[in-house]
Amino acid sequence: MSVQISMRVSKEQKEKLVELSKKQNKSLTQYVLDRCIIEDVDTNIDNATHSSARVEKMLQSQIEQLREDFERERTQLVDQIDQKDKQIADMIETSNSQLQLIGALTMKNETLLLETKKSWWQRLFSKKDSR
């Protein structure tokens, strides 16, 4: 089923449309339909292209943000690992110092124990000497 559509155009516009349709070897009706439909399709394609470009730009922005977030987190974790390594090194140094101190105190205690194992008369005379 076909319908008729009427358009009001100026005489110059009609002549221009007829001229353009003849250049493309089309009837005036076919030329107008093709131009309207093609332009609509072109507009839809342009809109889709624009939307696609907008989505791509948004995704690129999100990717960049994720990369920045990842790099920031990675840097924080590396810093934390470095701090923990330093803490461990400090704890090892402290532990070694404490072991040396324990060793020295143990030697002193053993020396004191040897001194207290003197016979009663040695302890008696050594106390008088120290007074």
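Read left to right, the sequence shown gives residues 0 to 130 (numbering that gives the first Met the number 0). Cβ coordinates follow ideal geometry from the N, Cα and C atoms, glycine included. From a predicted model like this one, the values you see are computed outputs, not experimental measurements.
Evaluate SER118 with the Cβ neighbour count: other Cβ atoms within 10 Å of its Cβ, from every protein chain shown; 16 or more gives buried, anything less gives exposed. Taking the first residue of the sequence shown as position 1, residue 118 is located at position 119. Classification of SER118: exposed, given that the 10 Å Cβ count is below 16.
Inter-residue CB distance, LYS27 and VAL17 (contact presumed, cutoff 8 Å): To locate residue 27, count along the sequence shown from 1; it is residue 28. To locate residue 17, count along the sequence shown from 1; it is residue 18. Correcting the residue type first, residue 27 is Leu in the shown sequence and not Lys. Indeed, because the Cβ distance is near 6 Å, the residues count as touching under 8 Å.
Helix, strand or coil for SER50, going by three-state DSSP, please let me know. In the sequence shown, residue 50 corresponds to position 51, counting from 1. SER50 falls in the helix class under three-state DSSP.
What is the rounded straight-line gap between the Cα of MET6 and the Cα of CYS35? Start at 1 with the first residue of the sequence shown, and residue 6 comes out as number 7. Start at 1 with the first residue of the sequence shown, and residue 35 comes out as number 36. Near 13 Å, if we compare the C-alpha coordinates of CYS35 and MET6.
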